[in-house]
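In terms of our numbering, the sequence shown has 96 at position 86, counting the first letter as 1, and numbering is strictly consecutive.
The beta-carbon is built from N, C-alpha and C at its ideal position, and this holds for glycine as well.
In this text, all values refer to a predicted model and were calculated from it rather than measured experimentally.
Structure record follows, encoded as C-alpha cells.
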Amino acid sequence: MFGIILIYMRAALDCSKKIDSLIIVIFSIMADKSVLILRILTHVVEECYYERMVSEECKGIDAATRYNDFFLWNKKCLEELSYEDVNWVWGLCNRLNLKKIGMMDMEDCGIWKADTIFYNLNKELVIVHPR
Numbered sequence: 011m012f013g014i015i016l017i018y019m020r021a022a023l024d025c026s027k028k029i030d031s032l033i034i035v036i037f038s039i040m041a042d043k044s045v046l047i048l049r050i051l052t053h054v055v056e057e058c059y060y061e062r063m064v065s066e067e068c069k070g071i072d073a074a075t076r077y078n079d080f081f082l083w084n085k086k087c088l089e090e091l092s093y094e095d096v097n098w099v100w101g102l103c104n105r106l107n108l109k110k111i112g113m114m115d116m117e118d119c120g121i122w123k124a125d126t127i128f129y130n131l132n133k134e135l136v137i138v139h140p141r
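Next comes the structure, spelled out in C-alpha cells:
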C-alpha cells in the first residue's frame with residue numbers, strides 16, 4: 011500500500027531522479043525489515059515451549075491466548091521496532107543459532123545455552139533457555 015502511494019505521488023509530481031532514488035531506498039529498507047522480521051519469527055518460542063510456559067504460569071505471558079495470538083503479538087512487537095532495532099534482534103538470533111549466548115542461574119551458577127526469544131506483555135524482549 012505504502013509503495014503504491016509513493017508511485018502515485020511520483021507520477022503526480024513528475025519527480026526528479028533524486029526522488030526516484032529515495033523511493034528505491036525506501037522500498038529496499040522496507041523489504042529488508044520485513045525479511046528480517048520473517049527470519050526473526052523462526053526464533054520465537056515454539057508452540058510446545060509456549061504450552062509449557064502457560065502450564066507453569068510463567069510471568070509476562072497471557073495464559074488466556076492461543077499460540078497463534080502469541081505468535082502474532084511477537085510479530086506486532088517486531089514491526090513496531092525501527093530498522094536498526096530489528097537488525098539488532100536479528101544479530102541476536104544469529105548468535106543464538108551459533109550457541110554463543112549463555113544464561114546463568116544465580117541459584118547454582120549453572121550456565122546454559124540460550125535457545126529462543128519472545129516478547130512479553132510489556133513488549134520486552136525475553137531470551138529463553140528451555141531447560
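Worksheet item: At what residues does the alpha helix (DSSP H) containing D115 begin and finish?
Response: Counting along the chain, D115 sits inside no alpha helix (DSSP H); it lies in the beta strand (DSSP E) bounded by residues G112 to D115.
Discussion item. Between C119 and the ligand NAD, is there a pair consisting of the residue's CB and a ligand heavy atom that are separated by less than 7 Å?
Written reply: Judged by which ligands are present, the structure shown has none, so any question about the ligand NAD falls away.
Worksheet entry | Per-residue burial, V45 [other beta carbons within 10 Å of its own, 16 or more giving buried] | V45 comes out exposed.
Discussion item. Rounding to the nearest angstrom, what Cα-Cα distance links M63 and L131 in this structure?
Written reply: So the alpha carbons of these two residues sit roughly 14 Å apart.
Item to complete: Return the chain-ordered ranges of every alpha helix (DSSP H) run that is complete within the segment 68-123 and spans a minimum of 4 residues.
Response: Counting only runs of 4 or more, we get 77-89 and 93-107.
Worksheet item: For the candidate residues E90, D42, L48 and F128, whose alpha-carbon lies nearest to that of Y77?
Response: Comparing alpha carbon positions, the residue from E90, D42, L48 and F128 closest to Y77 is F128.
Worksheet item: Looking only at C-alpha atoms, which of G101, W83 and C58 sits nearest to K109?
Response: Nearest of G101, W83 and C58 to K109, Cα basis: G101.
Worksheet item: Got a sec, what are the start and stop residues for the beta strand (DSSP E) V176 sits in?
Response: As displayed, the chain neither begins before 11 nor continues past 141, which places residue 176 out of reach and without an answer.
Practice prompt. Starting from the C-beta of T75, find all residues in its chain whose C-beta is less than 8 Å away, skip the five residues before and the five after it, and write them out in chain order.
Written response: Listed in chain order, the non-local C-beta contacts of T75 below 8 Å within the same chain comprise W83, local neighbours out to five positions each way being set aside.
Practice prompt. Buried or exposed for D24, please, with buried defined as at least 16 other CB atoms from any protein chain shown within 10 angstroms of its CB.
Written response: With a pLDDT of only 48 at D24, under 50, the local geometry of the prediction cannot be trusted, and the value read off the model is given with reservation. By the Cβ-count criterion, D24 is exposed, with fewer than 16 other Cβ atoms from all chains shown falling within 10 Å of its own Cβ.
Worksheet item: Is it true that the CB of I47 sits closer than 8 Å to the CB of K86?
Response: No, these two residues do not count as a Cβ contact at 8 Å.
Practice prompt. Please report the residue range of the alpha helix (DSSP H) in which E61 lies.
Written response: Its alpha helix (DSSP H) spans residues E57 to S65.
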